[in-house]
Structure formats: C-alpha cells, structure tokens
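Notes to accompany the following structure.
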Amino acid sequence: MYGRGFWGVLLLIADVWAIINIVQSNADTTKKVLWTVGVLIFPIVGFIFWLALGPRAGRA
Numbered sequence: 086m087y088g089r090g091f092w093g094v095l096l097l098i099a100d101v102w103a104i105i106n107i108v109q110s111n112a113d114t115t116k117k118v119l120w121t122v123g124v125l126i127f128p129i130v131g132f133i134f135w136l137a138l139g140p141r142a143g144r145a
C-alpha cells in the first residue's frame with residue numbers, strides 16, 4: 086500500500102521537474118506546449134520521452 090504512494094509521489098516530482106525544465110528551455114512556444122501536454126496526459130511515458138527526446142537548449 087505504501088509502495089504505490091511512494092511511486093506516485095516520485096512520478097509527480099519527476100513530472101513537475103520536467104515541466105519546469107520545459108518552460109525554462111529555449112524551445113519555441115508550440116514545442117513547449119506540446120511537451121507539457123504530453124507529460125500531463127501521459128505522465129510516465131511522457132516523462133520518459135521528454136527525458137530521451139526533449140529540448141536540450143539552455144535556459145534563457
């Protein structure tokens with residue numbers, strides 16, 4: 086019972102971290118919106134795809 090809660094909190098933290106990094110990236114607005122929506126709709130898969138394929142540009 087507690088294990089599922091731990092993984093849920095860990096996933097929430099990972100998704101929030103991903104969204105913060107997406108918003109701070111130098112990618113254009115359309116890409117930011119698409120990545121954010123992908124991470125929100127598909128939390129696990131979206132985070133993994135963002136981690137592997139997401140924008141790597143530095144922060145503004």
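Just so it is clear: in the sequence shown, position 55 is 140 by this note's numbering, and no numbers are missing. From the three backbone atoms N, C-alpha and C, an ideal C-beta is built for every residue, glycine too. What you are looking at is a predicted structure, and each value in this text was computed from that prediction instead of being measured.
Nearest residue (CA-CA) to Pro140, options Thr121, Asp100, Gly123 and Ala112: On the sequence shown, residue 140 is found 55 positions in, with the first residue counted as 1. For the residues Thr121, Asp100, Gly123 and Ala112, the minimum Cα distance to Pro140 belongs to Ala112.
Just the C-alpha distance for Ile107 and Ile129, rounded to the nearest angstrom, thanks. As a first step, residue 107 must be located in the sequence shown, where it is residue number 22. As a first step, residue 129 must be located in the sequence shown, where it is residue number 44. Ile107 and Ile129 have their C-alpha atoms some 16 Å from each other.
C-beta contact flag for Ala99 and Phe132 at 8 Å: Within the sequence shown, the letter at position 14 stands for residue 99. Within the sequence shown, the letter at position 47 stands for residue 132. It is a contact, given that the beta carbons lie within the stated cut-off.
Tell me, to the nearest whole angstrom, how far the beta carbon of Ile104 is from that of Val124; I am working on the premise that it is less than 8 Å. Looking up residue 104 in the sequence shown gives position 19. Looking up residue 124 in the sequence shown gives position 39. So it is a contact: roughly 6 Å between Cβ atoms.
Could you have a look at Ala137 and say whether DSSP puts it in helix, strand or coil? For this step, residue 137 is matched to residue 52 along the sequence shown. Helix.
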